[in-house]
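Peer 1:
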Amino acid sequence: MNRKKFLGLLGLGGLATLSRNSFAANAPQTEDFTYSGGKAIVISTWYHGLAANDAAWAILKKGGRSLDAVEKGVMVSESDPTNLTVGLGGLPDRDGNVTLDACIMDEKGRAGSVAFLQHIENPIAVARLVMDKTPHVMLVGDGALRFALENGFKKINLLTDESKRRWEEWKKTSKYETPVNIENHDTIGMLAIDSSGNISGACTTSGMAFKMHGRVGDSPIIGAGLFVDNEVGGAVATGVGELVMRTCGSFLVVENMRRGMSPEKACKAAVDRIVAKHPSVADTQVGFLALRKDGKYGGYSIHDGFDYALTYEGHHAMVKTAHSK
Ligand code: ASP
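With positions in the sequence shown counted from 1, the corresponding number in the working numbering is that position plus 30.
1) Is the closest heavy atom of the ligand ASP to the C-beta of S143 under 7 Å?
2) Let's see if you can read the secondary structure: which residues bound the beta strand (DSSP E) around F240?
3) Hey, G271 and K323 are a contact pair by Cβ (cut 8 Å); roughly how many whole angstroms apart?
4) Should M238 be listed as close to the ligand SAH, given that the test is whether its C-beta is under 7 Å from any heavy atom?
5) Give a single yes or no on whether T164 has its beta carbon closer than 7 Å to a heavy atom of the ligand ASP.
6) Distance, Cα to Cα, N83 vs T112?
7) Closer than 7 Å by C-beta to A300: which residues in its own chain qualify, once you throw out the five before and the five after it? Chain order, please.
8) Does any heavy atom of the ligand ASP sit closer than 7 Å to the C-beta of V258?
9) With contact counted as at least three CB pairs below 8 Å, one residue from each stretch, are the stretch 184-194 and the stretch 219-229 in contact?
10) Going residue by residue through the stretch 139-166, where are the continuous alpha helix (DSSP H) segments of at least 4 residues, counting only ones entirely within it?
11) Going by other Cβ atoms of all chains shown within 10 Å of its Cβ, with 16 needed for buried, is D162 buried or exposed?
12) Report yes if the C-beta of D313 is less than 7 Å from at least one heavy atom of the ligand ASP; otherwise report no.
13) Taking 7 Å as the cut-off, does the CB of V270 come closer than this to any heavy atom belonging to the ligand ASP?
14) Spatial neighbours of K102 within its chain, please: C-beta separation below 7 Å, excluding the five flanking residues on both sides.
15) Nearest-angstrom Cα distance between T203 and K241?
16) In the DSSP assignment, find the alpha helix (DSSP H) that holds S96 and state where it starts and stops.
17) Figure out for me which residue from G93, L175, N152 has the closest Cα to the Cα of S226.
18) What is the residue span of the beta strand (DSSP E) that G264 lies within?
19) For T203 and chain C, any beta-carbon pair shorter than 8 Å?
Quick look at the structure:
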């Protein structure tokens with residue numbers, strides 16, 4: 031089943047159209063760029079990454095910190111009610127609750143994370159506060175919500191009319207199973223290097239559409255959805271979180287780069303590991319994106335269709351990744 035057909039079944043045809051039309055006319059393939067490093071750069075997953083990169087770039091180009099850039103960048107996707115896979119307007123779980131996962135990591139190896147958080151528009155900002163203000167890395171559920179409210183975040187209804195309509199439609203036609211398939215999940219993962227050469231990353235999602243209540247994916251798990259090591263680089267993941275968690279995906283990509291692989295090869299090796307260990311994944315998608323300390327970047331996915339937004343001085347466009355199937 032191709033992306034468009036599957037999204038059509040879920041009622042996500044609009045998103046499919048967006049992604050299909052998202053490439054610059056002659057978008058180069060991964061690693062064809064001549065970016066030579068030593069300058070600020072930001073990359074992020076999927077087409078919604080372009081708008082998020084804009085916000086991140088506004089900070090980076092003024093010499094701002096990569097941590098601020100990735101936080102403010104992904105907040106654009108979180109706050110966009112038309113984005114059905116992140117933050118406000120995200121598709122709910124099978125019981126109609128929008129539950130959000132997010133994490134952030136900086137160049138010092140500090141990390142903050144929230145999972146199964148409800149009613150808060152910008153979980154990434156809560157994750158940042160967990161990192162900055164608590165001795166912990168991760169808060170979940172009611173504890174994360176209480177922490178957010180105590181720190182001035184407003185409780186809102188995240189279920190928009192549109193995401194509610196799609197949930198009600200899904201209930202009519204679908205079995206009570208999580209639809210694990212090629213493209214029903216478009217997390218935003220972002221990596222940035224600032225003009226001081228420091229790298230940070232952020233990852234935020236409403237998770238798999240119509241998941242079981244309480245399900246948490248890879249996106250808020252340090253080492254799965256995101257990992258940053260300022261000596262080496264960073265990686266983010268998107269796709270079926272269960273597969274990414276079982277392989278510590280983003281950590282694996284960074285460790286592959288540490289051993290000398292290029293960003294694209296590091297992502298490919300992680301995808302190959304997933305495919306080898308879980309041959310039943312023929313119909314599921316996972317994509318990795320990596321940014322090395324020297325500014326080289328790359329991505330790789332199981333199936334065709336994974337693309338990412340790339341922004342640096344004088345450049346702002348989508349890149350399509352290579353894939354294994
Ligand atoms: N990785 C996310 C999850 O499993 C889904 C996504 O990439 O959109 O929750």
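No residue lacks a Cβ here, since even glycine has one placed at the ideal position from N, Cα and C.
Peer 2: So, from the listed chains and residues:
1) Using a cutoff of 7 Å, the CB of S143 does not count as near the ligand ASP, since none of the ligand's heavy atoms is closer than that.
2) Where F240 is concerned, there is no enclosing beta strand (DSSP E), given that its DSSP letter is neither H nor E.
3) Rounded to the nearest angstrom, the Cβ distance from G271 to K323 is 26 Å, too far for a contact under 8 Å.
4) No copy of the ligand SAH appears in this structure; the ligands present are the ligand ASP.
5) T164 Cβ: outside cutoff for every heavy atom of the ligand ASP.
6) Each residue's Cα considered, the two are about 17 Å apart.
7) Closer than 7 Å at the Cβ level, and outside the excluded window around A300, lie T277, G279, L282, V283, N286, F318.
8) Taking 7 Å as the cut-off, one finds no heavy atom of the ligand ASP near enough to the beta carbon of V258.
9) With contact defined as three or more Cβ pairs closer than 8 Å, the stretch 184-194 and the stretch 219-229 are not in contact.
10) If one requires a minimum length of 4 residues, the alpha helix (DSSP H) runs lying completely within the stretch 139-166 are 153-163, in chain order.
11) In the assembly as shown, D162 is an exposed residue. Its beta-carbon has fewer than 16 other beta-carbons within 10 Å.
12) Exclusion of D313 from the 7 Å shell around the ligand ASP follows from its C-beta lying no nearer than that to any non-hydrogen atom of the ligand.
13) Yes.
14) Once the five neighbours on either side are set aside, the close Cβ partners of K102 are A85, A86, I89.
15) If you take the alpha carbons of T203 and K241, they lie about 15 Å apart.
16) Looking at the DSSP string, the run of the alpha helix (DSSP H) that includes S96 is 96-108.
17) For the set G93, L175, N152, the Cα lying nearest the Cα of S226 is the one of G93.
18) That run of the beta strand (DSSP E) goes 263-269.
19) This model lacks chain C altogether, as it is built from one protein chain only.
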